[in-house]
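> Chains as they are written, first to last, in the numbering used here: chain A, 153 to 326; chain B, 49 to 694; chain C, 367 to 470.
From the three backbone atoms N, C-alpha and C, an ideal C-beta is built for every residue, glycine too.
Note that the structure is predicted; figures quoted are calculated from it, not measured.
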């Protein structure tokens, strides 16, 4: 039992605990902050595995961008501080059943499958240098095309959210 | 195809074409033109019929001293099995050629007459189209090769009769009469159809001549199997023939299926002349004549029943005719009586040498009756046209105002009463002598009936032309209506002189010529009874007096019963309303309304509605339900695929 | 060095996934539903990275996919917030039970 495994289990437990608080809490700010913490601990797991680039991405985009955006929108649309209304009991029951069934099924599949590694040697270090080299490689197994498409997607999302959220001004009232 | 064959096919085809033409284009033509087209097409068929008759009777029909059948056209129309098929065709045979003559001549006369009678009528062109349809159906009936072909045209005749009786369709009584005629004859046709099926089952064919062949030869296996089983004392063959006769009895208005004929007088008078005097009502007689060899040789008991029904009907309707006051009703009952004469003449006839007199007499009477009955109806039409009423009490003293009508009507009355030398004398005498030689009881019934016939016909004649002074608001049309006068004159010539045709030479049961015996001694009785009837009518109705009323009040209940047609209509209404409607109609309607409509139709709609109501909440507009279903589906698919490929 | 077995990692990510699913179905507030969706996406990310590390150490596809998922999640969240704001303006509430006008 080495230190990394212990740290892994601790981090995993924290992720799950804060995820549960996000889902079960009746106060919206608590949910938002526990989401923030959960995502941070996931970044911690990534760091444990040596994927520092991804960990950095996680912190920057998820924690620093998305959760902040969520908190802003809470301010815009909700009287913060009030308790959230309770969900319908029927809804709770069906959701719970579905979640439990899904979890049971997935666990069963996971336990019945023997995951064997494909190749044991020749590991590539996931440094920024290697990632960039491999992704933007346009001769062998490169992901340039999806990269460009993702850019366009971002542009579309940007324009789209502005269009959806913009307030229509009445020109006749001028 | 020889010219005679072509002409005979044209005889049937021309009225059909005229019907189609007038039916589709009639309302775009001027009424005069459509009347002219109808009349011309029928006149052409009459000329062709004369041509074919001349050819048949004097030229090719006579093969070795016997008149044989000649098939002008025959083709297979509907095949059931190798041996059983419905053929359509044209056959020339002594009785069919005679009927062709009768139908086409009377129809042409009626067409000409209607040009004036129906002048100014709305739907004038439709009337001529219907007349052409009727002529086509009747012609098709008489030249039928196959019993099913005859059934098809039989039904067509029924339809045309319905259309023509209900021609004044805005009058409720006309509609009711048309329905009654159709329903009664249709009910009789049920028996006809069952009879056809039984006959074809026994003889294994639908062709007339093959059937006659198979069922009349003494050692024929078909005949043996047919007559093997019996039911209440009569063989299956007799029952089949009686059922076929039931169809004929419906069309020919035998008791108790006679109720539709008096009501059918609601139609226009020329229609009554054509259909209900000369042609359609003799279809039943024609049917029995067509199947006569089977009747006479293999089922003589059926023939006897026909004779008794005919005799009873003749007497029954003659009694009713003595009391009626509507002139068309008197003529209707007279028609029923005369057709019953023809029917019992067939009934008393046999097959052997010297026994087939009844057959020829019946056909002879059919021929002459067509002339004088059509004449009587057309004359009555002229009177109605002048007086604008059907009732006898509105008429009288018209002999000076309508001279041509008067003379022709008198000729017809003398003919029907059996006064020599008019046509009716010869044909009636032949019938009575045939009856005397085989069934004397029927002879006496026929004798009494002929006395009654003379009485009521001359009662009619005197009431119209003598009894009262001329009514105030009557017009003399005769000078202007040449189209009504010409047919009257032509038919009167026929009624006067047709008796001199040596009918036995041409038409007989076996095809060989027979001599209709003419015994002056024998004729004294019928003629005397006829003159007695005329005399009594003159005493009662020559001038206005109340002797007739005293006699009718003396007879009391019997007179009232006869006046109400012996309550037969009331019995029918009772049976249909109380018994049929309540026992059959009401449950059937209840079943239809509640089970078929309620359970099956409304029920299936309700089930569909309920199902859709239960499925509707799935589309709730709630995002989370949608995603739950989505996830459920994904899990299910994943489970299936993973477990399959595990 | 003994590694954590892959199955444990997968159990972690599945639990996180179904927590997110449960939160998505049972929450009434739209923003909290979006938070649950974030949890789901993150669990998938953990899965990809784990597979890359344990099963395919010589390739970097897992990393790429994770990057793409993060980017797409960001785009999607921004659009969802815009929709939520629009919805709030129309219905003056972001309770999902009150926004059922698209039903039968």
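(1) Measure the alpha-carbon distance for residue 188 (chain A) versus residue 659 (chain B) and round it to whole angstroms.
(2) Look up residue 697 (chain B) in the DSSP assignment and give the residues it is bridged to.
(3) Looking at the secondary structure, which residues open and close the alpha helix (DSSP H) in which residue 170 (chain B) lies?
(4) Could you tell me which chain B residues have their CB closer than 8 Å to the CB of residue 225 (chain A), listed as they occur along the chain?
(5) How many Å lie between residue 308 (chain B) and residue 301 (chain B) at the Cα?
(6) Distance, Cα to Cα, residue 318 (chain B) vs residue 609 (chain B)?
(7) Counting only beta-carbon separations shorter than 8 Å, does residue 390 (chain C) have a partner in chain B?
(8) Under 8 Å between the Cβ atoms of residue 391 (chain B) and residue 413 (chain B)?
(9) Going by beta carbon distance, what residues of the same chain come within less than 7 Å of residue 51 (chain B), once the five residues before and after it are set aside?
(10) With a threshold of 8 Å between beta carbons, is residue 384 (chain C) in contact with chain A?
(11) From the beta carbon of residue 462 (chain C), is the nearest beta carbon of chain B less than 8 Å away?
(12) Would the beta-carbon of residue 229 (chain A) fall within 8 Å of that of residue 377 (chain C)?
(13) Does any residue of chain A have a CB that is nearer than 8 Å to the CB of residue 631 (chain B)?
(14) Check whether the Cβ of residue 435 (chain C) lies closer than 8 Å to any Cβ atom in chain A.
(15) Going by DSSP, what residues sit across from residue 114 (chain B) in a beta bridge?
(16) Are the Cβ atoms of residue 147 (chain B) and residue 334 (chain B) separated by less than 8 Å?
(17) Classify residue 664 (chain B) as helix, strand or coil using the three-state DSSP reduction.
(18) Under 8 Å between beta-carbons, which chain C residues line up against residue 676 (chain B)? List them in chain order, please.
(19) Within 10 angstroms of its Cβ, does residue 202 (chain B) collect 16 or more other Cβ (buried), or is it exposed?
(20) When you compare each of B:139, B:195, B:199, B:161 to residue 80 (chain B) by their alpha carbons, which one comes out closest?
(21) When Cβ atoms are compared, which residues of the stretch 230-262 of chain A fall closer than 8 Å to chain B?
(22) Quick one: what's got a C-beta closer than 8 Å to residue 370 (chain B)'s C-beta in the same chain, skipping five residues either side?
(23) Output the distance between the C-alpha atoms of residue 265 (chain B) and residue 488 (chain B), rounded to the nearest integer angstrom.
(24) Roughly how far, in whole angstroms, is the beta-carbon of residue 332 (chain B) from the beta-carbon of residue 297 (chain B), given that I think they are within contact range, below 8 Å?
(25) How about residue 217 (chain B): is its Cβ closer than 7 Å to a heavy atom in the ligand ADP?
(26) Does residue 467 (chain C) come within less than 8 Å of chain B when only Cβ atoms are used?
(27) Evaluate residue 411 (chain C) with the Cβ neighbour count: other Cβ atoms within 10 Å of its Cβ, from every protein chain shown; 16 or more gives buried, anything less gives exposed.
(28) Take residue 494 (chain B) and list the residues in its own chain whose beta-carbon comes closer than 8 Å to its own, dropping the five residues that flank it on each side.
(29) Is residue 337 (chain A) near residue 436 (chain C), with beta carbons less than 8 Å apart?
(30) Pick helix, strand or coil for residue 283 (chain B), following the three-state DSSP scheme.
(31) Would residue 660 (chain B) pass as an interface residue toward chain C - the criterion being a Cβ-Cβ separation below 8 Å?
(32) Run through DSSP, which three-state label would residue 120 (chain B) get?
(33) Taking 8 Å as the cut-off, does the stretch 540-559 of chain B touch the stretch 166-186 of chain B (at least 3 CB pairs, one atom from each stretch)?
(34) Taking 8 Å as the CB-CB cut-off, is residue 387 (chain C) touching chain B?
(35) Let me know if residue 287 (chain A) comes out buried or exposed under the rule of 16 or more other beta-carbons within 10 Å of its beta-carbon.
(36) DSSP three-state label for residue 395 (chain C), please.
Looking at the atomic coordinates:
(1) 48 Å
(2) Only positions 49 to 694 of chain B appear in this structure, which leaves residue 697 (chain B) out of reach.
(3) No alpha helix (DSSP H) contains residue 170 (chain B), which DSSP labels as neither H nor E.
(4) Result: empty, since nearest Cβ-Cβ is about 17 Å, beyond 8 Å.
(5) 8 Å
(6) 30 Å
(7) yes
(8) no
(9) none
(10) yes
(11) yes
(12) no
(13) no
(14) no
(15) B:111, B:560
(16) yes
(17) helix
(18) 391
(19) buried
(20) B:161
(21) 243, 246, 247, 250, 253, 254, 257, 261
(22) 500, 503, 504, 507, 610
(23) 30 Å
(24) 6 Å
(25) As far as ligands go, the structure on display features none, and thus does not contain the ligand ADP.
(26) yes
(27) buried
(28) 359, 362, 389, 392, 479, 480, 483
(29) Nothing in the structure corresponds to residue 337 (chain A), since chain A is present only between 153 and 326.
(30) strand
(31) no
(32) strand
(33) no
(34) yes
(35) buried
(36) strand
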